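Comments concern the structure below.
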Amino acid sequence: MAKRDYYDILGVGREADDKAIKSAYRKLAMKFHPDRNPDNAEAEDKFREATEAYDVLKDDQKRAAYDRFGHSAFEQGGFGGGGGPGAGAG
């Protein structure tokens, strides 16, 4: 399943400043926090998704990488891994 855009998850635009990102995250965190929604798997998933988005967008370096490369900036191996078939075979 494809990951949703972090800005869409938080409901902010790409031009959002740190304050807007934090405010949007806090609103979602309060709404979907597992303590407020016991035994609600959907709320837990939304909370986890919002937290993941916030963890990236609150960090200037991670946000820049995400803006440039999207989710692939954080996938296993990332960019420059160069591990195609036969890589390292000598």
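Mapped onto the numbering used here, the consecutive letters of the sequence shown carry residue numbers -7 to 82.
From the three backbone atoms N, C-alpha and C, an ideal C-beta is built for every residue, glycine too.
All values reported here derive from a predicted model rather than from experimental measurement.
Of the residues the options, the one placed nearest residue i, counting alpha carbons only
i: residue 20; options: 36, 62 and 7; result: 36
i: residue 8; options: 66, 29, 46 and 67; result: 46
i: residue -3; options: 51, 52 and 44; result: 44
heavy atom of the ligand GTP below 7 Å from residue i C-beta
i: residue -4; result: The ligand GTP is absent from the structure shown, which contains no ligands of any kind.
Residue i (DSSP reduced to helix, strand or coil)
i: residue 9; result: coil
i: residue 76; result: Confidence at residue 76 is low in this model, with a pLDDT of 45, below 50, so its placement is unreliable and the value that follows should be read with caution. Looking at residue 76 - three-state DSSP - the assignment turns out to be coil, as it is neither helix nor strand.
i: residue 31; result: coil
i: residue 81; result: Caution applies to residue 81, whose pLDDT of 49 falls short of 50 and renders its modelled position unreliable; the model cannot decide the point.
i: residue 38; result: helix
i: residue 125; result: This structure gives no information on residue 125, because the portion of the chain shown stretches from -7 to 82.
i: residue 19; result: helix
i: residue 14; result: helix
Integer Cβ distance of residue i from residue j, believed to fall under 8 Å
i: residue 49; j: residue 40; result: At roughly 15 Å, the Cβ-Cβ gap does not stay under 8 Å, so residue 49 and residue 40 are not in contact.
i: residue 42; j: residue 13; result: That belief does not hold up - the Cβ atoms of residue 42 and residue 13 are roughly 11 Å apart, past 8 Å.
i: residue 11; j: residue 63; result: No, residue 11 and residue 63 are not in contact; Cβ-Cβ is about 25 Å, not under 8 Å.
Terminal residues of the alpha helix (DSSP H) in which residue i lies
i: residue 56; result: 52 to 61
i: residue 0; result: -2 to 2
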